[in-house]
Amino acid sequence: MEKPIAIQHNTIKHETVQTVNARELHAFLEVNSNFRDWIKNRIKEYNFR
Numbered sequence: 001m002e003k004p005i006a007i008q009h010n011t012i013k014h015e016t017v018q019t020v021n022a023r024e025l026h027a028f029l030e031v032n033s034n035f036r037d038w039i040k041n042r043i044k045e046y047n048f049r
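Numbering (UniProt numbering), first residue to last: 1 to 49.
Written out as structure tokens, the structure is:
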């Protein structure tokens with residue numbers, strides 16, 4: 001059984017939100033692409049800034 005991803009609470013623009021470590025998420029999801037390409041594509045796909 002894999003260890004669950006740690007959920008943290010952070011403040012973004014004066015609002016508390018739940019966040020996870022992107023590298024941990026990438027490993028947990030067992031993504032085939034390397035992290036750099038995967039995160040770059042997620043940022044583009046979801047319009048993160």
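We put the CB at the ideal spot given by N, CA and C, even for glycine. Just so you know, these numbers come straight off a predicted model, no measurement behind them.
Point to revise | C-alpha distance - Ser33 paired with Ala6, whole-angstrom precision | key: Taking the sequence shown and counting its residues from 1, one reaches residue 33 at position 33. Taking the sequence shown and counting its residues from 1, one reaches residue 6 at position 6. Roughly 22 Å between the two C-alpha positions.
**Request:** Consult DSSP for Glu30 and reduce its assignment to one of helix, strand or coil.
**Result:** In the sequence shown, residue 30 corresponds to position 30, counting from 1. It is coil, neither helix nor strand.
**OP:** Answer yes or no: do Phe35 and Glu2 have a C-beta to C-beta separation smaller than 8 Å?
**Re:** Residue mapping note: residue 35 aligns to position 35 of the sequence shown, counting from 1. Residue mapping note: residue 2 aligns to position 2 of the sequence shown, counting from 1. The Cβ atoms of Phe35 and Glu2 lie no closer than 8 Å to each other.
Under the assumption that Thr16 contacts His9 (Cβ atoms under 8 Å), give the Cβ distance between them as a whole number of angstroms. Position 16 of the sequence shown, counted from the first residue, corresponds to residue 16. Position 9 of the sequence shown, counted from the first residue, corresponds to residue 9. Correct: roughly 5 Å between the Cβ atoms.
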